[in-house]
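Note that the UniProt record's numbering has the first sequence beginning at 1, numbered continuously upward. Have a look at the structure below, then the notes.
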Amino acid sequence: MPDGGPTILHADLDAFYASVEQLLDPALRGRPIAVGGGPSGGVVLAASYEAKAFGVQGGMTGWRAAQLCPELLFVRGHFGEYQRLGDAVMEVLAGVTPLVERVSIDEAFLDVAGSTHLFGPPERICVLIRGRVRAEIGLPISVGAARTKHLAKIASQVAKPDGLVVVQPGHEREFLDPLPVGLIWGVGPVHRQRLADLGIRTIGDLAQIPSGALERILGHAVGHKLSAMARNDDVRPVVTARRAGSVGAQSAFGRRPAVAAEVRAVLAHLADRVSRRLRAKGRAGRTVTVRVRFVGMRSVTRSHTVAEPVSATLTLTEIAERLVWSAIGSASAATEITLLAVAVSKLADQRAVQLELDLATPDPWRAGSAPGAARGAVDGSMDEIRDRFGADAVGYLPAVLRPAAAVPDEFRELAEHDV
DNA sequence: TCTGGGGTCCTAGGACCC
DNA sequence: TCTGGGGTCCTAGGACCC
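Now the structure itself:
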């Protein structure tokens, strides 16, 4: 177990999107609001605490949320503001320590072991952060402090909303034992139920179970991790820069019969988004994975690994298309599907593969690109035009075939990791 | 009126190599 | 008659997180 004080912090903005809306529009303060969705459909992206009191949660359909809370106000998101304010909060955190690990738009771990000589003990640093975020940005933020990341994260969840919890070394067990197992990172609904079936509901219950037994119940890795966490034995360091291991895009479009022209149009759009992000960072990947979701939420994935990394939009589209049809299989021609996804993994730097692209054979199934140089040049020109004149200035598809965006691109960007 | 979009990690089986 | 064991890579599915 790590020595020293509770110098790992987890800072987590409360109901982030909803809080931003309430900050921007004072008329929304103190009221139950949902960002995204609507009383007749769509998905709620975030709910204010006033709405959560009615049971409204992110991920819920709009009509379900309206059922639970009839006076719920649906507001459209200001996605650009979320990015701007999230970045501003991260700057406040960076003012305390350079060791900041941003986990998402609204959440970060900090290691403040080297900052106490400047700012005082961890408790004081937490108070400083919360005060500055409130005063300078206007948002509530909860902070947890402990000796490990995992415990700091649990502490911030317990602190919500708008609170601070410091777990003092030596008091970890008494803090953890009464808490529900669902607070442990990695325990979702399935594991929680499996544990409940065995009478295990609290972290204290969990700590009583021998590691071997836990591994038999939940699998080696999860069982091992859980028993380590229940013993508060977590030594993961705060990591400042992390690159994504995969890049993907997906689109849910309600039910549609799988018709070749439409499937191709959607895939071209998804491949374009993925490959543009790859090229913008000089990256390419060897494994292409598609997911097809059928009516009833059953989904099937197919992947294919090529010898040389690819990033050309057309190559990606062609590989994805073949995979999608193999996933749909020989089912009837009018099979209805509800979602298509494309992802690229096994990423490598593009510079290293440029030569391979130039030499590529004309079969995209077997190699990098076809003909690589030409496709790379077309993509490069289109990237340049879009950088100068906007994303819609040019594309592979006529506008009529482009799928209507269920979600604005600004929202997609909020969830993107660094490639 | 069903269920968005971006990711990570783990498991298990099979192919292939030595 | 049949045969070992370890390592690596690929693929498909699933749980989970924000």
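Glycine included, every Cβ here is placed at the ideal spot set by N, Cα and C.
Non-local C-beta neighbours of L347 in its own chain, meaning closer than 6 Å and more than five positions away in sequence, comprise R283 and G285, ordered along the chain. Each residue's CA atom was taken as its position, placing F54 and L23 some 21 Å apart. A check of alpha carbon separations from A145 across D409, I8, A377 and A94 identifies I8 as the nearest. Rounded to whole angstroms, the gap between the alpha carbons of L314 and V324 is 15 Å. Between the alpha carbons of G204 and I184 lies a distance of about 12 Å. Contact check for V419 and R243: beta-carbon distance about 7 Å, within the 8 Å limit, so the pair qualifies.
Sequence-distant partners of G37 (beyond 5 residues in either direction) whose C-beta falls short of 8 Å from its own C-beta, in its chain, are V43, V44, L45, M60, T61, G62, A65 and F74. Its Cα nearest to that of T240, the residue V112 stands out among V112, Q67 and G80.
Judged by DSSP secondary structure, H171 falls outside any beta strand (DSSP E); it is assigned neither H nor E. In terms of CA proximity to A271, D379 leads the group M90, V165, A258 and D379. Residues A249 of the same chain have their beta carbon placed closer than 7 Å to that of R273, with the five preceding and five following residues left out of the count.
Distance from the CA of G80 to the CA of S251, rounded to the nearest whole angstrom, comes to 21 Å. For V310, the enclosing beta strand (DSSP E) starts and ends at S299 to V310. Boundaries of the beta strand (DSSP E) harbouring Q250: S246 to P257, taken from the DSSP string.
Pairing R130 with I209, the inter-Cα distance amounts to about 37 Å. A direct Cα-Cα distance of roughly 8 Å separates P189 from G182. Within the same chain, Cβ atoms closer than 7 Å to the Cβ of P169 are found at G5, P6 and R147, the five residues on either side in sequence being excluded.
Between R255 and E336, the CB-CB gap stays under 8 Å.
Cβ-Cβ separation between L267 and L339: approximately 12 Å, too far for a contact (criterion under 8 Å).
One Cα belongs to V167, the other to L68, and the distance between them is close to 35 Å. Sequence-distant Cβ neighbours of A51 in its own chain, meaning closer than 7 Å and more than five residues away, are P32, I33, A34, C69 and L72. The beta carbon of V103 sits closer than 8 Å to the beta carbons of F109 from its chain, once the five residues preceding and following it are set aside; these are given in chain order. In this structure, the beta-carbon distance from V288 to A320 falls below 8 Å. If only uninterrupted beta strand (DSSP E) runs of at least 3 residues are considered, none is enclosed by the stretch 201-253. Note that the stretch 83-92 touches the stretch 13-23; at least 3 beta-carbon pairs, one per stretch, sit closer than 8 Å. Relative to the Cα of K149, the nearest Cα in the group A327, R375, G329 and H10 belongs to H10. When DSSP states are grouped into helix, strand and coil, T315 belongs to the helix group. Note: T289 is bridge-paired with S303 and A343 in the DSSP secondary-structure output. As the crow flies, the alpha-carbon of R173 is around 17 Å from that of V235.
The bridge partners DSSP lists for A284 are A348.
Among the bridge pairs identified by DSSP, D12 is matched with E107 and S142. In this structure S142 touches D12 by the C-beta definition: roughly 5 Å separates them, less than 8 Å. In this structure, the beta-carbon distance from V92 to V158 does not fall below 8 Å. When secondary structure is reduced to three states using DSSP, R147 falls in the coil class, being assigned neither helix nor strand. A direct Cα-Cα distance of roughly 33 Å separates Y82 from V222. In the structure shown, G163 adopts coil according to DSSP, grouped into three states.
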